[in-house]
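Numbering (our numbering), first residue to last: 51 to 508. Just so it is clear, CB atoms sit at the ideal spot from N, CA and C, and this is done for glycine as well. Predicted, not measured: the structure shown is a model, and the values here were computed from it. These notes are about the structure you will find just below.
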């Protein structure tokens with residue numbers, strides 16, 4: 051497995067290895083047609099847009115999916131070594147109950163929690179490194195990844211060699227197939243997708259725009275036999291038995307695209323909490339999955355690795371950057387602090403429960419005094435990790451400015467995110483920088499959402 055995962059590769063992107071005739075034709079079409087690829091796709095701030103996606107070898111994509119599935123299982127196992135129930139895991143992690151109002155503490159830690167995930171992977175010298183692992187239903191970007199990949203594929207399909215280029219399987223359809231299967235929903239079950247206020251992707255802050263954006267997801271849900279409806283959160287209600295209602299009709303399941311602790315108080319969220327606590331509605335996914343996304347689990351994998359089978363130990367050492375809980379107790383904590391102060395340029399400081407790049411401090415990008423202040427603040431707050439910084443490979447792309455029409459070439463950092471539903475890879479979200487952009491690759495910090503095309507080279 052390891053060789054095919056990049057140890058002998060130069061880059062994730064195999065654009066430069068494609069036949070010159072295909073590259074010439076694709077470049078010509080990109081100049082005239084790629085602008086339309088991005089029409090109506092929300093999620094990226096600014097005016098820069100890439101003129102092509104990344105091109106990924108299908109064999110590498112398949113192996114990356116297998117590696118992701120194994121790491122998911124190892125993360126769950128690390129939690130089960132420390133807790134048997136969701137409530138016990140919450141206590142071990144130190145997550146406040148107020149931050150998880152939809153949590154069922156009696157729920158067992160089981161494989162049913164591994165139905166939806168998207169790791170964050172950076173590449174160094176062609177080798178994939180998992181810097182975060184999001185195991186949760188509230189994963190954005192599936193529709194963006196699907197649309198971009200399919201539109202670029204259609205742009206290139208009629209070129210010589212275009213028959214060997216394809217989009218990954220639809221992340222949206224894979225997700226809804228998994229929703230029906232994992233929740234054991236019968237034909238015609240009603241599924242609600244509540245539109246939320248905080249945490250929406252750029253361009254979806256307006257509720258009406260958000261509802262319109264969700265139309266293709268509702269269509270996918272209906273194709274999979276579910277009566278799927280998007281709605282404003284506050285339209286959710288409950289009856290006297292705690293049954294969740296939308297427009298007076300029972301809701302069988304909720305597709306949770308939001309984090310409850312991030313939302314303002316409201317009657318709709320209160321209704322959902324009542325229904326969940328009454329056991330009257332199923333949810334994709336239960337809030338227990340958010341606990342598995344806690345970055346503490348990555349430190350646990352490093353702490354446990356020497357007791358694992360050799361193949362799993364090597365997997366962690368070769369594809370998971372060194373990670374440690376910060377602060378650490380007792381003398382170990384003082385030693386870790388000294389290490390962090392002496393090795394600023396090699397480390398990243400992250401809050402364990404954050405998302406979207408919030409609170410992340412890249413040691414190589416800050417002066418010593420700012421690094422020291424960040425460490426001291428993390429010691430007071432608790433619940434942080436230190437992680438080895440992986441200087442990322444870069445994508446060499448041409449970008450156009452949607453306002454001026456200017457085209458500029460840039461080599462930009464990127465993060466790869468293959469969507470995993472039911473343990474199987476589907477669409478791929480890439481977040482990458484822009485000309486003159488910063489180091490934090492998140493849509494709310496100016497990074498672009500993009501996707502990949504798969505290349506069959508056999």
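* Check whether the Cβ atoms of residue 480 and residue 469 sit closer than 8 angstroms, and answer yes or no. => no
* **residue 470, enclosing beta strand (DSSP E) - first and last residue** => 457-471
* To do: Put residue 291 into one of helix, strand or coil per three-state DSSP.
  => coil
* Asked: How many whole angstroms separate the CB atoms of residue 209 and residue 76, which I take to be in contact at a CB cut-off of 8 angstroms?
  -> 6 angstroms
* To do: Compare the Cα-Cα distances from residue 301 to each of 311, 280, 97, 313 and report the closest residue.
  => 280
* To do: Enumerate in chain order the residues of its own chain whose CB-to-CB distance from residue 414 is below 7 angstroms, with the five nearest sequence positions on each side excluded.
  => 395, 439
* Within 8 angstroms (strictly less), CB to CB, does residue 482 reach chain D? -> Among the protein chains of the structure shown there is no chain D, as only one such chain exists.
* To do: Could you tell me which of 366, 190, 303 sits nearest to residue 124, measuring between CA atoms?
  => 366
* CB contact flag (residue 467, residue 219, <8 angstroms) -> no
* Mind checking residue 286: buried by the 16 CB within 10 Å criterion, or exposed? -> buried
* To do: Mind checking who residue 400 pairs with in its DSSP beta bridge?
  => 435
* Nearest candidate by alpha-carbon position, reference residue 432, set 444, 452, 400, 411 -> 400
* Cβ pair residue 175, residue 226 closer than 8 angstroms -> no
* Measure the Cβ-Cβ separation of residue 253 and residue 259 and say whether it is below 8 angstroms. => yes
* **Where the beta strand (DSSP E) through residue 231 begins and ends** => Residue 231 -> not in any beta strand (DSSP E); alpha helix (DSSP H) instead, spanning 221-233.
* Asked: Taking the C-alpha atoms as reference points, what is the distance between residue 91 and residue 187?
  -> 21 angstroms
* Can you give the beta carbon distance from residue 201 to residue 87, rounded, assuming they're within the 8 angstroms contact cut? -> 4 angstroms
* Asked: Per DSSP, what kind of secondary structure is residue 141 in: helix, strand or coil?
  -> helix
* Asked: Roughly how many angstroms lie between the CA atoms of residue 53 and residue 113, to the nearest whole one?
  -> Bear in mind that the predicted position of residue 53 carries a pLDDT of just 43, short of 50, making it too unreliable to give a figure here.
* Just checking, does the stretch 333-340 make contact with the stretch 353-366 on the three C-beta pairs under 8 angstroms criterion? -> no
* Inter-residue Cα distance where the pair is residue 412 and residue 398 -> 5 angstroms
* Starting from residue 479 and walking both ways along the beta strand (DSSP E), at which residues does that stretch end? -> 474-482
* Distance, Cα to Cα, residue 291 vs residue 305? -> 21 angstroms
* Along the beta strand (DSSP E) that carries residue 168, what are the first and last residues, could you check? => 166-174
* Asked: Can you give the Cα-Cα distance for residue 243 and residue 144, rounded to whole angstroms?
  -> 30 angstroms
* Asked: How many angstroms separate the CA atom of residue 346 from the CA atom of residue 371?
  -> 13 angstroms
* If you drop the 5 nearest sequence neighbours on each side, which residues of the same chain put their C-beta closer than 6 angstroms to that of residue 506? -> 108, 214
* Asked: Could you give the C-beta distance for residue 170 and residue 177, rounded to a whole number, given that I count them as a contact under 8 angstroms?
  -> Not really, about 15 angstroms apart at Cβ, beyond 8 angstroms.
* **Cβ shell of residue 67 (< 6 angstroms), same chain only, five flanking positions each side left out** => none
* Neighbourhood of residue 63 by C-beta distance below 8 angstroms, restricted to the same chain and skipping five residues each side -> 104, 105, 106, 445, 446
* Asked: Could you give the distance in angstroms between the alpha-carbon of residue 296 and the alpha-carbon of residue 317?
  -> 13 angstroms
* Asked: Taking DSSP as the reference, what is the three-state secondary structure of residue 299?
  -> strand
* Asked: What residue ranges within the stretch 294-363 form continuous alpha helix (DSSP H) runs of no fewer than 4 residues, ordered along the chain?
  -> 317-327, 338-342, 346-354
* Looking at C-alpha atoms only, which residue of 381, 122, 153, 141 is the closest neighbour of residue 328? -> 153
* Using only alpha-carbon positions, find the residue among 451, 250, 322, 133 that is nearest to residue 283. => 322
* To do: Using the Cα positions of residue 434 and residue 376, report the straight-line distance between them to the nearest angstrom.
  => 5 angstroms
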